[in-house]
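Let me begin by presenting the structure, written as C-alpha cells, before commenting on it.
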Ligand SMILES: [Fe+2]
Ligand SMILES: [Fe+2]
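In full-length UniProt numbering, the protein residues as written are 1 to 392.
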C-alpha cells in the first residue's frame with residue numbers, strides 16, 4: 001500500500017492511500033502502478049500544451065482491437081439507436097430570439113433576453129462561460145474519440161458512426177450557450193473567443209493513451225460530470241428568474257444524460273466480454289484521476305484560469321469535489337463492480353481499489369471543506385466578465 005497526494009480544489013494537500021498492482025496479463029499493459037501520485041481533482045496550473053507532452057506508450061493491444069472490432073454489430077443494435085434523429089432533435093435557434101421575424105419583433109425578444117440576463121450574478125456568469133468554453137473545444141473531443149480503439153470506418157464502422165453522431169449532437173451545446181452569452185451582452189466575447197482558440201490549440205491530456213477501455217471510462221465520467229454541471233446551472237438560472245436559460249441548460253443536461261447512458265452501456269459490455277482487462281482500465285483511470293477536459297484553458301492573461309473557474313464552480317455548487325465521489329459511486333453501482341466475477345488477481349486488486357475509493361474521496365473532501373471554511377474568501381478578476389472581481 002502506498003501513499004499519494006490528493007489536492008482538493010481548494011488547494012489543500014492530503015494523503016490518500018492507494019493500491020499497488022503488478023499486471024501479469026499482456027493485454028493489460030495499461031496498469032503499471034508503482035509509487036506514483038494520484039493526480040489532482042482540480043489540476044495544478046498548466047501553461048503547456050498537451051501536444052508537447054512527452055510521447056506515451058501505445059496502450060491498445062491487438063487483443064483490445066479484436067474485442068473492439070467484434071462488438072461492431074453490437075454497437076449498431078444497442079448504441080446507435082441512442083442517438084436522436086435530426087428531425088426529432090432540438091436546435092439552438094429554438095431557444096433564441098427568432099432572427100427570421102420582422103426586425104422590431106426580433107428586437108423585442110432580444111430586449112427581453114437581455115433584461116432576464118441582467119439578473120444573473122457575476123459568479124454564475126463565470127461558470128456558464130467556462131462550461132460553454134468547455135463545450136466549444138469539441139474538435140479536441142472528437143479527435144480524442146477517434147483515437148481510441150482506432151475507430152475508423154475500415155475497422156469499426158459503427159463505432160465511427162457513433163463518434164460522428166455524438167459529435168453532431170454535442171455541437172449544438174456550445175453553439176447554443178455561446179449565442180445566448182453573446183446576445184446577453186454580459187460577457188467579454190473577444191476574451192472568451194481567445195480562450196476557445198487557445199484551448200482547442202492546446203488539446204487535452206487525459207492519460208487514457210489510446211486504450212478504448214480507458215477512453216470509455218473517461219467518457220462515461222465526463223458525460224455524467226457535464227450532466228451534473230448543466231443540471232446545476234439550469235437550477236440556478238431558475239433561481240435567478242431566467243427561465244429560458246434554465247430550459248437551455250436543462251435541455252443540454254438531458255443530452256449529456258443520454259450520452260452518459262451510451263458510454264456506460266459500452267463499458268458495461270466491455271466488462272462482460274473482458275472483465276479483467278476492463279476492470280484494470282477502470283482501476284488505471286481512477287488511479288490517474290479524471291482530469292477535466294478544459295484543464296489547459298488560458299485567456300492570454302491568467303495562467304491559473306482553469307483552477308480559478310473550477311473554484312468558482314465549486315463555490316456556486318455547479319460542480320464540486322463532492323460530485324467526483326458521487327460520479328465514481330454511481331459508475332461503480334451501474335457497472336455492478338462490487339459483484340463483478342471472473343477476474344484475475346490483478347483485476348481483483350483493481351476492483352478492491354475502485355470500490356473503496358469513493359468514501360475516501362468523500363472524507364478528504366469533507367476535511368478540505370472544513371479547512372476552506374476557516375480561510376478568508378479570496379477574489380479573482382476574470383477577463384470573461386470585463387475584469388470584474390469574483391469571490392471563491
Ligand atoms: Fe455537451
Ligand atoms: Fe457531453
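A virtual CB, placed ideally from N, CA and C, is assigned to each residue, including glycine.
With 16 other Cβ atoms within 10 Å as the buried cut-off, status of residue i
i	result
residue 62	exposed
residue 342	exposed
residue 202	buried
residue 144	buried
residue 303	exposed
residue 189	exposed
residue 139	exposed
residue 318	buried
residue 272	exposed
residue 373	exposed
residue 357	buried
residue 86	exposed
residue 73	exposed
residue 77	exposed
residue 206	buried
residue 66	exposed
residue 223	buried
residue 121	exposed
residue 211	buried
Alpha carbon of residue i to alpha carbon of residue j, nearest angstrom
i	j	result
residue 348	residue 371	35 Å
residue 137	residue 384	16 Å
residue 267	residue 352	18 Å
residue 389	residue 378	10 Å
residue 126	residue 339	42 Å
residue 142	residue 240	34 Å
residue 22	residue 275	In this prediction, residue 22 scores a pLDDT of 35, lower than 50, which makes its location untrustworthy; the coordinate-derived value is nonetheless stated afterwards. When rounded, the distance between both Cα atoms is 17 Å.
residue 158	residue 91	25 Å
residue 391	residue 364	23 Å
residue 198	residue 297	7 Å
residue 204	residue 311	20 Å
residue 398	residue 326	Since the first and last residues shown for the chain are 1 and 392, residue 398 lies out of range.
residue 218	residue 116	36 Å
residue 235	residue 270	35 Å
residue 282	residue 332	10 Å
residue 185	residue 334	42 Å
residue 381	residue 387	5 Å
residue 104	residue 279	59 Å
residue 227	residue 253	5 Å
residue 354	residue 284	9 Å
residue 344	residue 160	31 Å
Neighbourhood of residue i by C-beta, 6 Å cutoff - its chain only, sequence neighbours within 5 removed
i	result
residue 245	237
residue 83	165
residue 130	309
Residues of its chain near residue i, where Cβ-Cβ distance is below 7 Å and the 5 sequence neighbours each way are ignored
i	result
residue 79	162, 262, 265, 266
residue 194	299, 300
residue 187	125, 129, 181, 384, 385
residue 200	137, 139, 140
residue 146	163
Other residues of its chain near residue i: CB distance less than 8 Å, five sequence neighbours each side excluded
i	result
residue 95	176, 180, 244, 247, 248, 251
residue 169	83, 84, 89, 255, 259
residue 99	93, 106
According to DSSP, residues forming a beta bridge with residue i
i	result
residue 374	In DSSP, residue 374 forms no bridge with anything.
residue 388	382
- Item | Start-end ranges of the alpha helix (DSSP H) lying completely within the region 71-112, minimum 4 residues | Listed in chain order, the complete alpha helix (DSSP H) runs (minimum 4 residues) inside the region 71-112 are 72-78.
Please give the ranges of any alpha helix (DSSP H) in the region 250-328, keeping only runs that are unbroken, at least 4 residues long and fully inside the region.
Those alpha helix (DSSP H) runs which fall completely within the region 250-328 and span 4+ residues are 275-288, 305-316.
Which ranges would you report for the alpha helix (DSSP H) in the region 174-222 if only whole runs of at least 4 residues count?
Within the region 174-222, the complete alpha helix (DSSP H) runs of at least 4 residues are 189-202.
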